[in-house]
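In terms of the working numbering, the sequence shown opens at residue 162 and continues consecutively. Below is one structure, written out as structure tokens; the observations come after it.
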Amino acid sequence: KPLLAVEDITVKYEQKIALKRISFSLYPGETAAVMGDNGSGKTTLLHVLLGICKPDQGRVFFDGEDITGAGVSRRARDMGLTFQNPNHQLFERTVIKEARLHSHFLAADLEQSLKRVEQLLERFDLSSYREQVPFALSLGEKKRLTFISVLAYQPPILLLDEPLVGQDMERLELLLGAINEHRRQGGITIMICHEPPVVKCCCQRVLFFEDGNLIFDGPTEEAFNELARRGRDEYLPQSCFAPEAVKGAMMGS
162 KPLLAVEDIT VKYEQKIALK RISFSLYPGE TAAVMGDNGS GKTTLLHVLL GICKPDQGRV
222 FFDGEDITGA GVSRRARDMG LTFQNPNHQL FERTVIKEAR LHSHFLAADL EQSLKRVEQL
282 LERFDLSSYR EQVPFALSLG EKKRLTFISV LAYQPPILLL DEPLVGQDME RLELLLGAIN
342 EHRRQGGITI MICHEPPVVK CCCQRVLFFE DGNLIFDGPT EEAFNELARR GRDEYLPQSC
402 FAPEAVKGAM MGS
């Protein structure tokens, strides 16, 4: 059965309809790219899923349970969100405290989660900054820090708003590798991504939005065929982004 399902979700902002009767389901082990123009509803979708934004109509289900009326604190145990602007979720005075923040509130096993924080800081090249102020980091480093904080407590669903921004090739490979590990463990990742080559190599599913409408939901190859048919060439990959090692890991079993 699906781990996450939304039914007929509509969100209105004053006179603008941000999402129009959106429905889809995601199953364990799926990595889905959310694509579309600016203002098409992508970020609103992630905020609806976590409960930051309340829909005007529709329902959200987690593992078969209707969580439409549940608040952020209830949903956050099962869904971890990284914001497009990492400054919006940095609260602590040091990198190490920030990396541990989600774990202290949400981890099922705090001791193990804090061990993962240490491992992830080392893995993502942030361990040497552990006593620095998070706001002093570069954009790419802030992105990795917020990803670590969410990944450490192991929510079943990752909601990532442009997580690859500001990363060089080496760090991008590390992020994609971690997302793949999450997939292989049965987790779901919903990732807003503007890099078609990455989507082609690393995502099994595409949700494409246009003016608040979900105009395509399906396998990645079919998505690009449909976008080509619609003349949306700016969303078509010219090559496969990831090196062979990363591509093999991401698309393998």
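Note that the Cβ used here is the ideal one computed from N, Cα and C, for glycine as well.
{"Item": "How many Å lie between F296 and M196 at the Cα?", "Value": "29 Å"}
{"Item": "If you check the beta carbons only, do V233 and R261 fall under 8 Å apart?", "Value": "no"}
{"Item": "Would R366 pass as a contact of A237 if the rule is Cβ separation under 8 Å?", "Value": "no"}
{"Item": "Per DSSP, what are the beta-bridge partners of S186 in this structure?", "Value": "A166"}
{"Item": "Between the region 215 to 233 and the region 376 to 388, do three or more beta carbon pairs fall short of 8 Å?", "Value": "no"}
{"Item": "Span of the alpha helix (DSSP H) holding P358?", "Value": "P357 to C363"}
{"Item": "What does the Cβ neighbour count give for G409, buried or exposed, with the cut at 16 atoms within 10 Å?", "Value": "Because the pLDDT at G409 is just 41, under 50, the model does not fix this residue reliably, and the point stays unresolved."}
{"Item": "State whether the region 353 to 363 contacts the region 321 to 329, with contact taken as three or more CB pairs (one from each stretch) at a distance under 8 Å.", "Value": "yes"}
{"Item": "I'd like to check one pair, T350 with E292: are the Cβ atoms closer than 8 Å?", "Value": "no"}
{"Item": "Let's test the definition: count the other Cβ atoms within 10 Å of the Cβ of P404 and tell me whether it reaches 16, buried, or not, exposed.", "Value": "Reliability fails at P404, whose pLDDT of 49 lies under 50, so the model's placement of it is uncertain and the value that follows must be treated cautiously. Exposed: under 16 other Cβ atoms inside 10 Å."}
{"Item": "Could you check whether the region 299 to 317 touches the region 327 to 343, counting it as contact only if at least three pairs of C-beta atoms, one from each stretch, sit closer than 8 Å?", "Value": "yes"}
{"Item": "Taking only the alpha-carbon atoms, compute the straight-line gap between K162 and G190 and give it to the nearest angstrom.", "Value": "12 Å"}
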